Amino acid sequence: MALARALVAPGDPPEATTTIHRTWLARDGLGKADFDKNKMALSEWSGGVIRLAPIAAVLGVAEGIETALSVTQLTGIACWSAMAAGNFEKIELPPGVREVHAFADDDPAGIDAAMRAVRRWEAAGLETYMRLPPEGFNDYNDVLTGKRKK
1 MALARALVAP
11 GDPPEATTTI
21 HRTWLARDGL
31 GKADFDKNKM
41 ALSEWSGGVI
51 RLAPIAAVLG
61 VAEGIETALS
71 VTQLTGIACW
81 SAMAAGNFEK
91 IELPPGVREV
101 HAFADDDPAG
111 IDAAMRAVRR
121 WEAAGLETYM
131 RLPPEGFNDY
141 NDVLTGKRKK
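Going by full-length UniProt numbering, the first residue of the sequence shown is number 1, and it counts up by one from there.
Spelled out as structure tokens, the structure:
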């Protein structure tokens, strides 16, 4: 049996909740439950983010929740989760953000989505950086946990 944990995805304005993102965890709490739909949002979330830190002048955006938390641990940069690669470019960054780092997963979908977002944010006048994990890692959570690509 799996345990369910809920994470709320705040909307815009920050106090508005747009959806609830649920992740089912393995009974021992060490990772996701072993079934196909171990993550699920309860409603439309396109353009939403999971704000894991307050709005900051320098902000990171990563694909997944675990990756965003790992980025903050590794770099000290406040980081939000886009929830999925395809959502990167739909995110509207709030006033006060002047520099944004797109922490892409090292796969074609992740790189493409982050690059589109970087171009969009750059066109809006933000200082932008495209960040990939070091060679041999899929994402920054893998960097933190030491899990190399197979």
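Note that the Cβ used here is the ideal one computed from N, Cα and C, for glycine as well. Here the structure is a predicted model, which means the values were calculated and not measured.
Can you give me the Cβ contacts of residue 54 inside the same chain, cut-off strictly under 8 Å, excluding the 5 residues immediately before and after it?
Taken in chain order, the residues that qualify are 78.
Cβ shell of residue 89 (< 6 Å), same chain only, five flanking positions each side left out:
Around residue 89: 116, 117, 120.
For the alpha helix (DSSP H) containing residue 110, name the first residue and the last one.
For residue 110, the uninterrupted alpha helix (DSSP H) run begins and ends at 108-123, by DSSP.
Which residues bound the beta strand (DSSP E) around residue 102?
Segment 99-103, the beta strand (DSSP E) holding residue 102.
When 61, 143, 52, 114 are compared against residue 93, the one with the closest alpha-carbon
Closest option to residue 93, Cα to Cα, is 61.
Length of the line joining the Cα atoms of residue 154 and residue 76:
The first residue shown for the chain is 1 and the last is 150, placing residue 154 beyond what the model contains.
For the putative contact between residue 149 and residue 136, defined by C-beta atoms under 8 Å, what is the C-beta separation to the nearest angstrom?
About 6 Å; that satisfies the 8 Å criterion.
Quick one: grab the DSSP three-state call for residue 86.
When secondary structure is reduced to three states using DSSP, residue 86 falls in the helix class.
Which residues in the same chain have their Cβ closer than 6 Å to the Cβ of residue 128, if we skip the five residues on either side of it in sequence?
Within the same chain, residue 128 has close Cβ partners 100, 118, 121, 122.
Closer than 6 Å by C-beta to residue 111: which residues in its own chain qualify, once you throw out the five before and the five after it? Chain order, please.
Excluding its 5 nearest sequence neighbours in each direction, residue 111 has C-beta neighbours in its own chain below 6 Å: 104, listed in chain order.
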